Structure formats: C-alpha cells, structure tokens
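Residues -19 to -1, 1 to 214 (mature numbering (1 follows the signal peptide of the UniProt record, and there is no 0)) are what the sequence shown spells out, left to right.
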Amino acid sequence: MKKVVVLLVFVLFSVCVSAQSDKTAHFETEVIKKSSLGYALHVPDNAKKEKKPLIVFLHGSGEKGNDIEKVKVHGPFKYLKTHTIDAYVLAPQCPEDEYWDSDVLYKLIQKVVKDNNIDESRIYLTGLSMGGWGAWNLAFAHPDMFAALVPIAGFVDRVPMIENCKIGQIPMRIFHGLLDDVVDVHYSIDIYKKLKPCAKDIELTIFDDANHNSWTRVYDDPAIYEWMLKQTK
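Below, the structure is given as structure tokens:
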C-alpha cells in the first residue's frame, strides 16, 4: 500500500511540473503627475527692448514651503536688495514635503523663457545645499540648456559621478566649505576630479574656514555674477 501512495505522489508532481510554462507579455500604462511650484522672478531694466540672460537659483531645504519670501533670504535675491543684476533671476520654491524634481524645473524654465524676453544662449544655473544637489541633477538631465553651472555645498548623486562627461561643455564654478558637517566636502572634490579631464572650464573653491554655509560669501560677491554673465553657449 505504501508503494502505491508514493507512486501516486510522484505522478501528481510530474503532471504539475509538465504544466508549468514561461510566457512573455507587454504592459503599457500612462502615469500623469501634477506638480505645482511657486516662484519669484526678477525682471531687469530694459527687458522689453532687448533679450536678457536668466539666472536660475535653487534654494536649500530650509526655504521649502509656500512663503515665497523665503527664497529671497539667500542667494541672488538677497544680493538684489542692495545691488543690480542685468538679468532675469528665477527662484522657484520647493514644496514642504518634496525635493527638487528636474522635470518640473525644466518645464518651469521653459515657461519662463517663453513668457519673457530671455536670451536662451545665456541661461545660468546655481543652487545651495539641497539646491546644489538639485542643480547637479538638473544640469545632467538637461545639459544643453545651461551656459554656466554654480553648485554650492551640494550633495552629488551616484549617476552624475558615472555620467560625469555629460556636462563637460558647461563652464562650472564649484564651492564648498572644508568644515561642512551637513554635506561632506568630498562630494564636491570627487565630482570635480571626475569632471576635470573632460571639462571645458571648471574650478573648485574650498573655503578652509567655512562650515555648511559656504554660499553667503559667494552670492554676496559681485564676481560670481560678472563671471556668469560672461558665459554664452
């Protein structure tokens, strides 16, 4: 009787195995994502008479939210309180529970360019901390859009490290604080080393005495704006 049971189990197992098969198929879907960004836009003098450059500024995590005045605390808008810049300045604001999305930023820049008298050969990208990270990612996603890149104290994802030469034609000025205890300075050092062999024009400045805030001295200095405004695609 035991032999019969064993034989029956073996037969059932054999049937199950023979019934298995592989198949291929195709799946298609459409994912629609709605996004919303507030932004501040500085319009320079004589913008209607002649095309002007555009500086895109991405803030850090401390300025997230829906109070647009926060984007004016640091960076070009702070500089504009006491100086002039002969360029449009666009400062979007990242929603509270989100991070910079390269596709959304790209579409926003396209809209601003379309709606204003902007010289598309002179669009500059800069950002601090989380905005530095966002600037790196946006530049790698759309390298043909920008005439200059200025990331400050920014984290660098693994993809830019691998695809470094993708942005080799963009002139770059990278800044970081040696004592940064929020975003390790080696992110900037490592990406600089990766970019250096194929970069058209690149410089890395490390402030020996700066912690995470290495951006104030950069954005408060007219030299960075003078340098950006000289760059053309």
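Note that CB positions come from ideal geometry on N, CA and C, so glycine has one too.
If you're wondering where the values come from, they're calculated on a predicted model, not measured in any experiment.
- Task: Could you tell me which residues DSSP pairs with residue 186 in its beta bridges?
- Result: In the DSSP output, where bridge partners are listed per residue, residue 186 has 156.
- Three-state class that DSSP yields for residue 134 in the structure shown: In this structure, residue 134 counts as coil in the three-state DSSP scheme.
- Message: Can you look up residue 80 in the DSSP assignment and give me helix, strand or coil?
- Response: The answer is coil: DSSP assigns residue 80 none of H, G, I, E or B.
- Member of 114, 166, 158, 171 whose CA lies at the smallest distance from the CA of residue 38: For the residues 114, 166, 158, 171, the minimum Cα distance to residue 38 belongs to 114.
- Contact check, residue 75 vs residue 111, beta carbons under 9 Å: With respect to residue 111, residue 75 sits close: the two C-beta atoms are nearer than 9 Å.
- Query: Considering only C-alpha positions, which residue in the set 137, 106, 59, 65 is nearest to residue 163?
  - Reply: The residue with the shortest Cα to Cα distance from residue 163 is 137.
- Query: What's the call for residue 182, buried or exposed, on a 16-neighbour Cβ count within 10 Å?
  - Reply: Residue 182 is classed as exposed because its beta carbon has fewer than 16 other beta carbons within 10 Å across all chains shown.
- In the DSSP assignment, what are the bridge partners of residue 73? Bridge partners of residue 73: 20.
- Same chain, Cβ closer than 6 Å to residue 70, five either side skipped, listed in chain order: Excluding sequence neighbours, residue 70 sits near 23, 36, 57.
- Item | Residues near residue 207 by beta carbon distance below 7 Å, same chain, minus five either side | Excluding sequence neighbours, residue 207 sits near nothing in its chain.
- Helix or strand or just coil, what does DSSP make of residue 5? DSSP, reduced to helix, strand and coil, places residue 5 outside both helices and strands of the structure shown, so it counts as coil.
- Rounded C-alpha distance that separates residue 40 from residue 73: Within the model, the alpha-carbon separation for residue 40 versus residue 73 is close to 8 Å.
- Distance, Cα to Cα, residue 200 vs residue 132? The alpha-carbon separation between residue 200 and residue 132 amounts to approximately 11 Å.
- Item | Sequence-distant residues of its chain with Cβ nearer than 6 Å to residue 119 (five each side left out) | Closer than 6 Å at Cβ, skipping near neighbours: 83, 86.
- Message: Taking 8 Å as the cut-off, does the segment 89 to 105 touch the segment 160 to 180 (at least 3 CB pairs, one atom from each stretch)?
- Response: Contact annotation: the segment 160 to 180 does not touch the segment 89 to 105, with fewer than three C-beta pairs closer than 8 Å.
- Query: For residue 51, which residues of its own chain have a beta-carbon under 6 Å away from its beta-carbon, when the five flanking residues on both sides are left out?
  - Reply: Only 44 meet the Cβ criterion.
- Item | residue 161 burial status per 10 Å Cβ neighbour count (16 or more: buried) | For residue 161, the number of other beta carbons within 10 angstroms of its own is at least 16, and it is reported as buried.
- Task: Let me know the secondary structure DSSP gives residue 129 once reduced to three states.
- Result: In the three-state scheme derived from DSSP, where H, G and I count as helix and E and B as strand, residue 129 is classed as strand.
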